[in-house]
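S.K.:
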Amino acid sequence: MLPALSEKELDRLEDLLITYGNDYSVLNLAELNGFFTALASSPVTVTPEQWLPAVAGGKVPKFKKPAHEEAYTALMLRYASQVAEELGDDVDQFEPLFEESEGEAGSVVVMEEWCFGYMRGTQVAGWAELPPEQDQLLKAISLHGLEDNFELLDQMSEADIQACVPQVIEAARGLFRYFNQLH
Numbered sequence: 006m007l008p009a010l011s012e013k014e015l016d017r018l019e020d021l022l023i024t025y026g027n028d029y030s031v032l033n034l035a036e037l038n039g040f041f042t043a044l045a046s047s048p049v050t051v052t053p054e055q056w057l058p059a060v061a062g063g064k065v066p067k068f069k070k071p072a073h074e075e076a077y078t079a080l081m082l083r084y085a086s087q088v089a090e091e092l093g094d095d096v097d098q099f100e101p102l103f104e105e106s107e108g109e110a111g112s113v114v115v116m117e118e119w120c121f122g123y124m125r126g127t128q129v130a131g132w133a134e135l136p137p138e139q140d141q142l143l144k145a146i147s148l149h150g151l152e153d154n155f156e157l158l159d160q161m162s163e164a165d166i167q168a169c170v171p172q173v174i175e176a177a178r179g180l181f182r183y184f185n186q187l188h
């Protein structure tokens, strides 16, 4: 079992995502956490050879230094296995890594990055159509994770959006449970 990443390592990973990121790549840990949650929940095993380019927005970056490449790959692999372990050890306690921002009424949970990462993961894994119940779960995530839904979100109040947080958490847990019963 690989050790969980320390705060310092997580910061390093996020720095590398930003340094080597582009308009199409995963740019922060929340999005990466969503991405790896989807991959860990996926009915199809996706290898690092398949998902590393997807994280980087299409192809693995050209690194300025070999040390950067080593850190990038090693931290990614460890983080992927860390997320999978968190889900596998106790899915009922699994908490997505959401960002928070300060709103007028204190801090609010921002699900968008995580949900975008999750949807990216389902695309990389090529998820097939889901049964109605699981499809509803995925819709709870895709509402906040697909650009097609921005208009819908614009019509929702901050309170409505915050009310979705537990639904998204339950959806992530439910989809993991569903696919892991299939094995």
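Take any residue in the sequence shown, count from 1 to its spot, add 5: that is its number in the working numbering. Yeah, the Cβ is synthetic: ideal placement off N, Cα and C, and Gly gets one too.
Closest by CA to H149, which one among E14, I174, Y183 and F184?
M.R.: By one-based count along the sequence shown, residue 149 stands at place 144. Of the listed residues, the one whose Cα sits closest to H149 is I174.
S.K.: According to DSSP, is G108 part of a helix, a strand, or is it coil?
M.R.: As a working note, residue 108 is residue 103 in the sequence shown. In this structure, G108 counts as strand in the three-state DSSP scheme.
S.K.: For N154, which residues in the same chain have their Cβ closer than 8 Å to its Cβ, ignoring the five residues on either side in sequence?
M.R.: Here residue 154 corresponds to residue number 149 of the sequence shown, with the count starting at 1. If we look at N154 and ignore the five residues flanking it on each side, its Cβ neighbours are S147 and L148.
S.K.: Can you list, in chain order, the residues of its chain with a C-beta nearer than 7 Å to that of Q172? Leave out the 5 residues immediately preceding and following it.
M.R.: On the sequence shown, position 167 is the one that residue 172 refers to. Cβ within range, chain order: A145.
S.K.: Given a cut-off of 7 Å on the beta-carbon distance, is the pair G39 and G122 in contact?
M.R.: As a position in the sequence shown, residue 39 is number 34, starting the count at 1. As a position in the sequence shown, residue 122 is number 117, starting the count at 1. Yes; because the gap between Cβ atoms is below 7 Å, this pair is in contact.
S.K.: Could you please give me the residues that DSSP links to V113 through a beta bridge?
M.R.: Indexing the sequence shown from 1 puts residue 113 at position 108. Paired residue(s): S106.
S.K.: Rounded to the nearest angstrom, what separates F68 and E104 at their Cα positions?
M.R.: Here the question's residue 68 lines up with position 63 in the sequence shown. Here the question's residue 104 lines up with position 99 in the sequence shown. Spanning the two alpha carbons is a distance of roughly 27 Å.
S.K.: Are the Cβ atoms of G131 and A43 separated by less than 7 Å?
M.R.: Counted from its first residue, the sequence shown places residue 131 at position 126. Counted from its first residue, the sequence shown places residue 43 at position 38. Contact: no.
S.K.: By alpha-carbon positions, which one of A79, A59, G111 and L10 ends up nearest to N27?
M.R.: Mapped onto the sequence shown, residue 27 falls at position 22. Taking only the C-alpha atoms, the option nearest N27 is A59.
S.K.: Nearest by alpha-carbon distance to L142: which of R17, E90, R178 and Q186 is it?
M.R.: By one-based count along the sequence shown, residue 142 stands at place 137. That would be R178, whose Cα lies nearest to the Cα of L142.
S.K.: Would you kindly check if the distance between the Cβ of Y84 and the Cβ of L10 is under 7 Å?
M.R.: As a first step, residue 10 must be located in the sequence shown, where it is residue number 5. As a first step, residue 84 must be located in the sequence shown, where it is residue number 79. Cβ distance < 7 Å, so L10 and Y84 count as in contact.
S.K.: On a CA-only basis, which of A45, Y25 and V51 is nearest H73? Give me that one, please.
M.R.: In the sequence shown, the residue the question calls residue 73 occupies position 68. Considering only alpha carbons, the answer is Y25.
S.K.: What does the alpha-carbon distance come out to for the pair F181 and V51?
M.R.: Here residue 181 refers to the residue found at position 176 when the sequence shown is read from its first residue. Here residue 51 refers to the residue found at position 46 when the sequence shown is read from its first residue. Going by the C-alpha atoms only, they are around 15 Å apart.
S.K.: Have a look at G111 and D95 and give me their C-alpha separation to the nearest angstrom.
M.R.: Taking the first residue of the sequence shown as 1, we reach residue 111 at position 106. Taking the first residue of the sequence shown as 1, we reach residue 95 at position 90. Cα to Cα, G111 sits roughly 30 Å from D95.
S.K.: Taking 7 Å as the CB-CB limit, is E152 close to chain C?
M.R.: In the displayed structure, chain C is absent; only one protein chain is listed.
S.K.: Where D97 and A176 are concerned, what is the direct C-alpha to C-alpha distance, given to the nearest angstrom?
M.R.: Mapped onto the sequence shown, residue 97 falls at position 92. Mapped onto the sequence shown, residue 176 falls at position 171. Rounded to whole angstroms, D97 to A176 spans 11 Å at the Cα level.
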